[in-house]
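Here the structure is laid out as C-alpha cells; the discussion comes afterwards.
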Amino acid sequence: MVDRKGQRRVVVTGLGVVTPIGLTVPDFWASMRASKCGVTQLGALPQEDLDDLKIKIGAQIKDFDAKARLRHFKRDKFILHSDRYSWFAAAAADEAVTQSGLTVPFEKGSRAACIIGSGAGGLTTFENAYRDLFILKKKATHPLTLIRIIGSSASAHVGIEYGVKGPTFATCSACSTAAHAIGIARDYIRHGLVDVAICGASESVINYGTMKAWQALHVLSPEGCFPFAKNRNGTVLGEGAGILVLESYEHAKARGAKILAEICGFGMTSDADDMVNPDIEGPRNAMRLALEDAGIAPTDIDYLNAHGTGTTLNDRNETNAIKDLFGKHAYKMPVSSTKSMHGHPLGAGGGIEAVACIKAMEDNWMPPTIGLNEPDPDCDLDYIPNVGREKKLSYTMSNSFAFGGLNAVLVFGRPPA
Amino acid sequence: MDDVSTKIVEILKKHMKEPRDDISASTALTDLKIESLDLAMIVFDIEDTFGIEIPYNANEDVEDFKTVGSVVERVKSLMAGGPAAAKA
Chain A
1 MVDRKGQRRV VVTGLGVVTP IGLTVPDFWA SMRASKCGVT QLGALPQEDL DDLKIKIGAQ
61 IKDFDAKARL RHFKRDKFIL HSDRYSWFAA AAADEAVTQS GLTVPFEKGS RAACIIGSGA
121 GGLTTFENAY RDLFILKKKA THPLTLIRII GSSASAHVGI EYGVKGPTFA TCSACSTAAH
181 AIGIARDYIR HGLVDVAICG ASESVINYGT MKAWQALHVL SPEGCFPFAK NRNGTVLGEG
241 AGILVLESYE HAKARGAKIL AEICGFGMTS DADDMVNPDI EGPRNAMRLA LEDAGIAPTD
301 IDYLNAHGTG TTLNDRNETN AIKDLFGKHA YKMPVSSTKS MHGHPLGAGG GIEAVACIKA
361 MEDNWMPPTI GLNEPDPDCD LDYIPNVGRE KKLSYTMSNS FAFGGLNAVL VFGRPPA
Chain B
1001 MDDVSTKIVE ILKKHMKEPR DDISASTALT DLKIESLDLA MIVFDIEDTF GIEIPYNANE
1061 DVEDFKTVGS VVERVKSLMA GGPAAAKA
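Residue numbers (this note's numbering), protein chains in the order written: chain A, 1 to 417; chain B, 1001 to 1088.
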C-alpha cells in the first residue's frame, strides 16, 4: 500500500517504554490517565553528592530491576553488564518487539534496522570510571567501561539480541534524538532499504556530574516541571526510554500483525542561530514539513504533544511557533506537555512522547499538562490543564526541539484502513 | 590449593555462565568457555584483588593464560616482583 505520493506506508506494531511513571506501556499509560507526577527527591547518589547539589529533585526511575527485565536475553551475553541507559533501551525494545509478535531472532535480519539514539550515552559509567581513576586512584577502569560508554551500545545490544543485520546505529541530537531516530527509521522503510525497524532512544544521566553541569546552565527548577504555567521556573531532568517497532504496511499485513498507528509525517530543521535560545522559524518549519510530508492540512491535527520543557523561554517560543503555523486552529487544537508527568528524559523524550501520542489515538483520550493552575498570559493555548480529556483523534503531532536549535517533528495517524 | 589459587578460581567462577567445581591447575581456560571480554574482566578482577598489574594484550595469544595453573604462577611471580614481572 502506498500513500498519496506513491510511497510505501510505514506502520507501528510495537511500543515500549521505561519511565519514572511506569516501567511498561500499560503502567505508563495508567499513570498518565491518573495525572501522576514522576518527580521526586533525588536518591541513589552518594550522600555527600546529594548534599552538595542545589537541585535536589528529578524524575528518577527508582524501581527498575535489570535482572528481572533482561535475564531472558539469549543472544546478547553482556546486557546485564552494560550501562543503565542500555538497560532501559533493551527493556523498552523487549516490550515493543514482544508486542509486535515478530519472530525472534528476526528471520530476515538484513532487512531490519535498529536505530536507538541517546543524547549522552553512558555518562554515569564515565563518571564512575573517573571517580575510580581520579579520586580512588585505581590503576585501571573496569574493562567494560568503554563499551558501556559508547553512545551506540544500546543499539548494538538490542540489534544483537534480535538479530538485526541491517543499518544499526545511534542518533544524537540532544532532546530531538528519539524523534530523529524514528524519522530516519521511517524513511529507511519508506524508501525500501529495510522492512522492519526498532527505533527510539534511551537516556540515563541523573548523576552528580551531570546534575552539576545542568545546574551551571541555570535551567533546572528546584520545585517541579510546570510547562506553560505562570509559575514555571525550569525543567526537571528525567530518564528512561521510548522504543517503537516500525514495519512497512505490507510486511505487517502479510504476517497478520496488529497495526497500532501509521507514521505519516516527519519534518526536521535546524535554527542555525543559537546554541540555547530557540527561534520561531526553525520549529515552525519542522512542523510545516511534517504536515507536508504527511500530506495533511494544519487543521487535520487533533492533538499536539508539545516539547514543553517548562523553561520560560522554550514554552513561550513553542507557543508562538504553533500559533504562527496553525493560525486560528492553534486555539482549537489541544496541546499538552507530558514532561509535566515524566520529566525531561532528554534524548528519550521523543520516543516516550511518540508512545503517548499513539496511545492517545488508541483511546481517543489526550494526556494532560499537570501543575498548570495559572497559565502564563503569553501561553494562551488549550494545554489540557491537570486532567486528561476525551476527543476523537485522527492525527497527532509530537514536537522535539533540542539545544543547538535541532528540531524534529513526527505526525502519527490511525492504522490505514 | 593455596590461597592465591583459591582466589583465582573464585574469580574465574564468578565470570563463568555455568560455574563448575572441578577446576584444577591443569584446566585450560578454553575449557571454561571464557571469551575475550570475559578474560578482560577476569584480568581486571585479579589485578584489583592482588594489587598487581598484569601485562596483557587481548590481541596476543599469551602463554600465561593457557591454564589455571599458568595464571596462578604468573600472579605469584608478579606479586613477588620477580623477573616475570617485567613488562611483556
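For glycine and all other residues, C-beta sits at the position ideal for the given N, C-alpha and C.
Assigned secondary structure, residue i (DSSP; H/G/I helix, E/B strand, else coil)
i                       : result
residue 412 of chain A  : strand
residue 10 of chain A   : strand
residue 1086 of chain B : Confidence is the limiting factor: at residue 1086 of chain B the pLDDT is only 44, short of 50, which leaves the residue's position unreliable and the question unanswerable from this model.
residue 126 of chain A  : helix
residue 1002 of chain B : coil
residue 243 of chain A  : strand
residue 224 of chain A  : coil
residue 366 of chain A  : strand
residue 379 of chain A  : coil
residue 1094 of chain B : Nothing about residue 1094 of chain B can be reported from this structure: the residues present for chain B run from 1001 to 1088 only.
residue 357 of chain A  : helix
residue 1068 of chain B : helix
residue 390 of chain A  : strand
residue 182 of chain A  : helix
residue 57 of chain A   : strand
residue 282 of chain A  : helix
residue 298 of chain A  : helix
residue 374 of chain A  : coil
residue 174 of chain A  : coil
residue 213 of chain A  : helix
residue 1058 of chain B : coil
residue 417 of chain A  : coil
residue 66 of chain A   : helix
residue 252 of chain A  : helix
residue 72 of chain A   : coil
residue 1073 of chain B : helix
residue 287 of chain A  : helix
residue 88 of chain A   : helix
residue 1012 of chain B : helix
residue 83 of chain A   : coil
residue 191 of chain A  : coil
residue 44 of chain A   : coil
residue 275 of chain A  : coil
residue 78 of chain A   : coil
residue 1053 of chain B : coil
Whole-number beta carbon distance between residue j and residue i, since they are thought to touch under 8 Å
i                      : j                      : result
residue 182 of chain A : residue 155 of chain A : No, residue 182 of chain A and residue 155 of chain A are not in contact; Cβ-Cβ is about 13 Å, not under 8 Å.
residue 82 of chain A  : residue 190 of chain A : Between residue 190 of chain A and residue 82 of chain A the Cβ distance is about 31 Å, and since that is not below 8 Å, they are no contact.
residue 31 of chain A  : residue 22 of chain A  : 5 Å
residue 342 of chain A : residue 38 of chain A  : 5 Å
residue 338 of chain A : residue 305 of chain A : 6 Å
residue 386 of chain A : residue 368 of chain A : 5 Å
residue 494 of chain A : residue 66 of chain A  : No statement about residue 494 of chain A is possible, as the shown extent of chain A runs from 1 to 417 and does not include it.
residue 254 of chain A : residue 158 of chain A : In fact, because the Cβ distance is near 24 Å, the residues do not count as touching under 8 Å.
residue 318 of chain A : residue 375 of chain A : About 14 Å; that fails the 8 Å criterion.
residue 55 of chain A  : residue 222 of chain A : 6 Å
Identity of the residues DSSP links to residue i by a beta bridge
i                      : result
residue 266 of chain A : A:410
residue 304 of chain A : A:335 and A:397
residue 169 of chain A : A:115
residue 2 of chain A   : A:8
residue 237 of chain A : A:344
residue 261 of chain A : A:12
residue 196 of chain A : A:112 and A:247
residue 203 of chain A : A:240
residue 385 of chain A : A:369
residue 402 of chain A : A:406
residue 229 of chain A : A:375
beta-carbon residue i near the ligand MN non-hydrogen atom, thresh 7 Å
i                      : result
residue 127 of chain A : The model depicted lacks the ligand MN and carries no ligand whatsoever.
Can you pull out the residues from the segment 1037-1064 of chain B whose beta carbon lies closer than 8 Å to at least one beta carbon of chain A? 1037, 1040, 1041, 1043, 1044, 1047, 1048 and 1053
Check distances from the C-beta atoms of the segment 117-151 of chain A to those of chain B and list, in chain order, the residues that come in under 9 Å. 138, 139, 140, 141, 142, 143, 144 and 147
Ranges of the alpha helix (DSSP H) found wholly within the segment 92-147 of chain A, counting only runs of at least 4: 123-130
Taking any Cβ of chain B, which residues in the segment 59-90 of chain A have a Cβ under 9 Å from it, in chain order? 77, 78 and 81
Quick one: which unbroken alpha helix (DSSP H) runs of 4-plus residues sit fully inside the segment 10-41 of chain A? Chain order, please. 25-33
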